[in-house]
Structure formats: C-alpha cells, structure tokens
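All remarks here apply to the structure that follows.
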Amino acid sequence: MKHLSTSSLVVLSLLLSGPTAGQPVDPDEATEITRPAQDDDEGTEITRPAGDEDTSVSSAADDAPSGPFVGRLGGYFYDKWAFDTRHDGNREDVFDVRTKLGLSAEVTTPSMTRAFVSARFSHFVVGEDAADEEWYLFNSRNVKWEYEADLLEAYLYIPNDYVNLRVGNQIVRWGSGEFNKPSDVLNPQDFREGLFNDLEVPLIPVFMVHLDRSFGPVNLSVVWEPFFTPNRTNLFGQDWGPMSAMYGNPAFSSLGGMTGMYDMVSGLLSPKLEDRVQPLMLATDPPDERLENGQWGGRAATSFLGVDVAVSYFYGWDKLPWIHVNSEFFGDLAVIQSLATEHPAALQVLQGISKVNFSTMEGVPEMLKAYDELAEEDKEALQQAMDAVNRMLFDEEGNLKEIAISDIFNTSYRRQQTVGLSLSTILFSRVGLKADAAFSPSRTLFLENKTGFPSPASKPTISYSIGLDYNRSTWFDALIEFYHFHVLDLASDERVFVIGSDLYMLTAATHLRLFDFDQLELQLAGMLELKMLNLFLFPKVTWKATDNFRIGVGAVVAEVLPGGDEMGPAGLFDRNDAAYFDLKYSF
Numbered sequence: 355m356k357h358l359s360t361s362s363l364v365v366l367s368l369l370l371s372g373p374t375a376g377q378p379v380d381p382d383e384a385t386e387i388t389r390p391a392q393d394d395d396e397g398t399e400i401t402r403p404a405g406d407e408d409t410s411v412s413s414a415a416d417d418a419p420s421g422p423f424v425g426r427l428g429g430y431f432y433d434k435w436a437f438d439t440r441h442d443g444n445r446e447d448v449f450d451v452r453t454k455l456g457l458s459a460e461v462t463t464p465s466m467t468r469a470f471v472s473a474r475f476s477h478f479v480v481g482e483d484a485a486d487e488e489w490y491l492f493n494s495r496n497v498k499w500e501y502e503a504d505l506l507e508a509y510l511y512i513p514n515d516y517v518n519l520r521v522g523n524q525i526v527r528w529g530s531g532e533f534n535k536p537s538d539v540l541n542p543q544d545f546r547e548g549l550f551n552d553l554e555v556p557l558i559p560v561f562m563v564h565l566d567r568s569f570g571p572v573n574l575s576v577v578w579e580p581f582f583t584p585n586r587t588n589l590f591g592q593d594w595g596p597m598s599a600m601y602g603n604p605a606f607s608s609l610g611g612m613t614g615m616y617d618m619v620s621g622l623l624s625p626k627l628e629d630r631v632q633p634l635m636l637a638t639d640p641p642d643e644r645l646e647n648g649q650w651g652g653r654a655a656t657s658f659l660g661v662d663v664a665v666s667y668f669y670g671w672d673k674l675p676w677i678h679v680n681s682e683f684f685g686d687l688a689v690i691q692s693l694a695t696e697h698p699a700a701l702q703v704l705q706g707i708s709k710v711n712f713s714t715m716e717g718v719p720e721m722l723k724a725y726d727e728l729a730e731e732d733k734e735a736l737q738q739a740m741d742a743v744n745r746m747l748f749d750e751e752g753n754l755k756e757i758a759i760s761d762i763f764n765t766s767y768r769r770q771q772t773v774g775l776s777l778s779t780i781l782f783s784r785v786g787l788k789a790d791a792a793f794s795p796s797r798t799l800f801l802e803n804k805t806g807f808p809s810p811a812s813k814p815t816i817s818y819s820i821g822l823d824y825n826r827s828t829w830f831d832a833l834i835e836f837y838h839f840h841v842l843d844l845a846s847d848e849r850v851f852v853i854g855s856d857l858y859m860l861t862a863a864t865h866l867r868l869f870d871f872d873q874l875e876l877q878l879a880g881m882l883e884l885k886m887l888n889l890f891l892f893p894k895v896t897w898k899a900t901d902n903f904r905i906g907v908g909a910v911v912a913e914v915l916p917g918g919d920e921m922g923p924a925g926l927f928d929r930n931d932a933a934y935f936d937l938k939y940s941f
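In the working numbering, the protein residues as written are 355 to 941.
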C-alpha cells in the first residue's frame with residue numbers, strides 16, 4: 355500500500371532549514387494512493403506480522419513453489435504530462451513531461467535462495483515560462499531534456515536455519531506509520547520531483563548487509579551499510595527545488611543574497627547541466643568511503659496482546675547536507691550585477707577605468723568627465739559596486755584574498771543517531787491503527803536568516819505519527835493521520851526555516867471505486883498544517899481500462915488559507931499548482 359507523506363515537505367523545507375515487487379518499484383504514480391491490500395487486487399502490498407518483516411521490494415518469491423529454478427520477469431511503462439496552472443513567471447516551469455520504463459528479473463532456487471534485480475530508465479522534458487510572451491501549451495524557454503538510468507534493488511537473499519542473509523542494493527523499511535514513518539531512516543529519499551512524484555517520497559536502494567533471525571516470538575534484525583548515500587534533491591532548476599521556489603517569491607524576498615546566488619548559478623550553467631552538477635554541489639565534502647564511516651542499526655520486533663511492537667536504533671549519517679553559503683559574497687555579487695541591469699551608464703564608466711593609463715594619466719580627464727555627468731543614483735550605485743568588489747577581492751588590510759570554492763559554497767554531512775518505536779494493531783476487525791515515533795539527539799536543520807541564506811544548525815528532534823485506516827470491501831477506503839515534528843533546544847529568537855519550532859500535519863485520503871472490477875476510482879487526498887493553515891490537495895480520477903493498463907487525470911494544489919502563514923510549506927510552493935495526465939502499463 356502506498357502512503358501519503360509529509361516528509362517531502364519537511365525535508366524540502368529542512369534542506370534549507372528535514373514498494374515492492376515482482377515488478378520494480380514504481381514511485382511515479384503521481385499523487386495516487388492505493389487502498390489497503392485486498393487479496394484480489396493487482397500489485398497490492400502483502401503485510402506481514404511483526405517478527406517477519408519484508409525488507410525487500412517484493413514478497414512474491416516467499417511463496418515460490420519448491421522444485422526447479424523459478425524465474426520471473428516484470429516491468430512497467432509510465433508516462434506523465436503536467437502543466438502549470440498558475441503562470442507567475444520568474445523562471446517557473448510551465449510544463450513537465452516524464453517517461454519511465456521499469457524492468458525487473460528474479461530467480462528463486464529450490465532452497466528458496468533468491469536473486470533479484472530491478473532498474474529504471476527515465477526521460478523528462480521541462481520548460482520554463484516564456485517570460486513576457488503570450489503563453490501557449492509548449493512555448494517556453496530554457497527547455498531541459500534529460501535521460502537517466504538507475505539500478506534500483508539488486509540483491510541476493512539466502513535463507514537458512516541459523517540466520518537469513520540479504521546482501522546488495524535494497525530497501526529496508528522499519529517504520530509503521532500510516533503516512534509518515536519517523537523511524538524509517540535506513541534509506542535515503544529522492545525529493546527531486548517533490549509532491550509531483552507521489553505522496554510517498556521514493557526511497558533510494560543502497561548497498562547493505564541485512565541479517566535477521568527469529569527467537570520464538572521475537573524477531574531480531576541487524577543492518578550494516580558500509581557506504582553513505584545522501585538524499586537526492588534539486589536545489590534549483592526545477593520548481594520543487596528550494597532555491598527555485600524562493601526565487602521571486604514575495605514571502606521569501608527578505609533572504610539577502612538569494613537572488614545573486616541564483617542568478618549567478620543559472621547564468622553560468624546550461625539548463626542541461628543543472629541536474630548533473632547538483633549532486634556535486636550537495637556533496638562537496640562527503641564522508642570518506644572507509645569502513646569506519648559505515649552505518650549500522652538493529653531492530654527487535656514482537657507481538658503482545660494483539661499489538662505488533664518494534665524498537666530500533668540506527669547509527670549513521672544525517673542524509674540532509676550541512677549547507678554553508680557565503681551570503682555576503684553572493685550579496686556583493688548581486689550589487690555588481692545590478693550595475694549592469696539597472697545602471698548601464700555607471701557600468702560604462704566602470705568599464706572606462708580599464709582603458710586609463712595611470713602611469714601617464716592618459717584618459718583620466720575623460721573618465722572624470724564621464725563620472726561627473728552621471729546622475730546621483732548612478733554615482734551611488736557605482737560606489738556600491740566598487741565597495742562590493744573590494745570586499746570580495748581584498749581583506750581588511752588590503753591584501754588580495756585567496757578564495758576557494760569551499761569559502762563560497764560548502765556541503766558536508768554529520769553523524770546522526772535515531773531511536774525508533776513502532777506500534778500497529780487491528781481495531782473492530784476493520785480499522786487499522788499504526789503509530790511510529792523517533793528521537794534524534796542531533797539532526798541537521800536550517801534556521802531562518804534575515805540577512806542571507808538559511809543557517810545550518812544541529813538540534814535534537816522528536817517526531818511521531820498516529821494513523822487509522824478503514825476499508826469497506828474493495829469499493830471504499832479512508833486513511834487519516836496526525837503527524838508532529840518538534841525541534842528541541844531552540845532559542846527564543848530562533849525559528850526553523852519554513853516550519854518554526856513545530857510542524858503539525860493532518861493528512862487524509864479517501865478512495866471511491868465504481869463499476870465492475872473497480873474500473874473508475876475517485877481520489878481525494880490532502881495535507882493541512884494546523885498551525886500555519888497551509889493546505890495541499892491531491893484530487894485524481896483513474897480509469898482502469900484493463901488489469902494492466904490505467905489512465906489518470908489529477909491535480910496538485912497548494913494554498914495558504916486565510917490567516918495562515920505565508921512563510922510555511924504551502925507558501926513556499928504555492929506557485930506550483932498543476933494539472934496532469936498520466937498512464938501506466940504493467941507487464
């Protein structure tokens with residue numbers, strides 16, 4: 355079952371301030387949430403009791419018949435066309451077309467040893483608003499075409515009487531939340547498509563060694579990740595990138611240096627290079643790939659009085675980067691750039707200085723005359739630009755600075771510990787109750803900085819979710835969850851970027867299915883931040899033409915309700931409202 359998740363909002367915000375299958379993972383069903391598993395439902399997730407966790411992308415091989423080798427091939431084709439419904443300009447994307455092909459293969463031996471591999475091939479086209487030109491469906495500038503091939507899960511599973519071993523690229527899920535899973539910290543997440551990707555942020559498979567064994571009613575599992583993989587995020591270049599979302603957004607205009615930084619980066623890079631450069635920008639100083647820099651964790655799960663209970667501990671790296679931006683440098687850069695765009699006469703005088711021969715004083719009178727003829731505002735702008743150049747190039751004693759890239763922009767990662775607790779049970783035979791909680795003594799956050807780029811900080815955090823789900827046969831289901839993210843040890847004058855000190859999110863989804871074989875599905879889903887009154891809505895209508903082929907039409911809407919906080923998550927992404935059409939064929 356897929357779940358809504360506010361973690362995409364939290365982490366996209368905190369970045370500047372925190373499946374399945376015999377077929378491959380498909381995180382690309384835009385904002386569609388499937389109902390709780392039914393026995394006759396294609397592609398549903400089979401839930402297991404505590405102590406028998408399914409940490410692979412598929413439980414299909416667990417039911418493989420004994421006998422000769424059994425092989426399975428599967429895959430899907432997915433296509434989505436999305437169009438912006440609010441043309442606010444300022445380098446906003448107006449269309450987004452994504453095509454994806456997923457393939458998987460699995461072989462199971464008579465001894466139940468299993469080898470599984472899956473891959474995804476993606477192509478997307480994104481175009482920006484065509485400035486002041488009249489807008490049509492496809493006329494845009496800075497069109498970006500990108501192809502990407504990803505190895506997803508690829509592992510070997512070896513069961514035996516002593517301990518079950520799974521080694522290779524894999525996803526291990528420890529949380530039990532309905533929509534949010536605070537203790538699910540083993541795998542990094544892919545935030546590049548924001549809420550357009552799905553209401554559950556896709557997990558990235560990483561190389562790990564996973565061992566588990568049951569001792570009576572208790573199941574113990576241990577995980578070791580020898581190498582670190584960070585979250586995947588676009589800082590800029592697409593609408594769900596935090597820098598892109600802030601650029602030109604009136605609610606975030608107080609962030610000094612942001613315009614200069616964004617203009618410089620976008621001016622230097624071709625659109626087709628943006629996505630290739632950003633992984634390097636987000637890991638300018640990553641952890642060395644030494645064994646002592648590995649990550650490890652353990653989990654114990656059992657059932658007691660009908661309640662599945664699990665406790666976990668993970669020692670690893672915070673997957674959010676510690677981003678240091680020299681806001682003063684980019685602020686000075688913005689001052690210099692404004693000279694060219696807003697004061698061309700002053701720029702000509704500045705350019706004329708380079709033609710002066712100061713040894714013979716040739717050209718000095720002409721330069722002084724040109725300066726005297728400048729308007730007062732141009733003279734002031736020229737002086738500000740000269741001061742900015744001096745600050746950028748020289749220290750307080752007048753010596754030329756030695757400037758390294760790390761002095762301007764640096765990203766690194768810090769250690770993080772997480773203690774988790776998960777609970778789940780069934781109420782009244784039809785209502786599922788799930789709760790999940792996590793505590794981290796030190797987590798990377800970003801604090802609001804009125805004079806520049808949000809400042810990184812390490813703070814203890816606690817988060818928890820409590821959710822209910824209900825289903826009535828196959829034609830109706832409803833899901834609801836309350837999620838709270840709280841930052842400890844905040845000073846009275848500190849505020850975490852976008853969320854303040856707390857995030858209170860109420861998330862709900864309901865599905866109604868009509869006609870024979872549930873061919874028509876109506877979805878209404880949404881997330882409401884209760885303190886800031888920030889609302890996200892995800893309506894969708896899906897027609898299942900055959901068991902393997904479906905077509906959908908949906909929308910993504912972000913709104914700040916009357917009296918709400920414009921500096922919240924919906925305020926950050928309120929220009930990203932869009933409608934989309936998608937289709938998927940599974941085989």
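By construction, the Cβ of each residue, glycine as well, lies at the ideal position given by its N, Cα and C atoms.
In this structure the stretch 791 to 802 lies against the stretch 672 to 680, because at least three pairs of beta carbons, one per stretch, are closer than 8 Å. For residue 695, the uninterrupted alpha helix (DSSP H) segment begins and ends at 681 to 696. At a cut-off of 3 residues, the continuous stretches assigned as beta strand (DSSP E) that sit fully inside the stretch 425 to 488 are 447 to 462 and 468 to 482.
CA-to-CA, the gap between residue 430 and residue 549 works out to about 21 Å. Across the structure, residue 526 and residue 541 are spaced so that their CA atoms are roughly 7 Å apart. Around the beta carbon of residue 558, 16 or more other beta carbons lie within 10 angstroms, which makes this residue buried. Contiguous alpha helix (DSSP H) elements confined to the stretch 731 to 815 occur at 759 to 762, taking only those with 4 or more residues. According to DSSP, residue pairing for residue 818 in a beta bridge involves 791 and 838. DSSP places residue 508 in the strand class (E or B) of the three-state scheme.
Annotated as distal: residue 724 and residue 690, with beta-carbon spacing of 9 Å or more. Nearest neighbour of residue 901 by Cα position, chosen from 939, 497, 767 and 846, turns out to be 939.
Between the alpha carbons of residue 522 and residue 562 lies a gap of roughly 6 Å. Residue 505 is positioned such that its CB atom lies closer than 9 Å to that of residue 471. Here residue 888 is near residue 915, since their CB atoms are less than 9 Å apart.
The distance from the Cβ of residue 907 to that of residue 932 is about 12 Å, inconsistent with a contact at the 8 Å cut-off.
The beta carbon of residue 920 sits closer than 6 Å to those of 605 and 914, all from its chain and outside the five residues before and after it, given in chain order. With fewer than 16 neighbouring CB atoms inside 10 Å of its own CB, residue 639 falls in the exposed class. Counting C-beta atoms within 10 angstroms of its own C-beta, residue 536 has 16 or more neighbours from the protein chains shown and is therefore classed as buried.
Your pair residue 868 and residue 874 checks out as a contact, with CB atoms roughly 5 Å apart and the cut at 8 Å. Taking C-beta atoms as the reference points, residue 579 and residue 649 count as a pair closer than 9 Å. Residue burial is scored here from C-beta neighbours: residue 881 has at least 16 other C-beta atoms within 10 angstroms and is therefore classed as buried. Shown here, residue 586 sits in a strand according to DSSP, grouped into three states. For residue 939, the enclosing beta strand (DSSP E) starts and ends at 932 to 940. Residue pairing by DSSP puts residue 907 in a beta bridge opposite 895 and 935.
Within the model, the alpha-carbon separation for residue 642 versus residue 744 is close to 37 Å. By the 16-neighbour rule on beta-carbons within 10 angstroms, residue 458 is buried. If you draw a straight line from the Cα of residue 866 to the Cα of residue 903, it is about 19 Å long. Looking at 652, 468 and 633, the one whose alpha-carbon comes closest to that of residue 573 is 652.
If the five residues before and after residue 632 are omitted, its C-beta is found closer than 8 Å to the C-beta atoms of 587, 588, 589, 590 and 591, all from its own chain and listed in chain order. Going by DSSP, residue 860 is part of the beta strand (DSSP E) stretching over 856 to 868. When the alpha-carbon of residue 575 is set against those of 776, 566 and 597, the nearest one is in 566. Per the DSSP secondary-structure output, residue 724 pairs with nothing in a beta bridge. When secondary structure is reduced to three states using DSSP, residue 701 falls in the helix class.
Contact between the stretch 773 to 791 and the stretch 821 to 828 is present: three or more C-beta pairs spanning the two stretches fall below 8 Å. Annotation: residue 792 to residue 509 spans about 28 Å, alpha carbon to alpha carbon. In terms of Cα proximity to residue 762, the closest of 679, 833 and 804 is 679.
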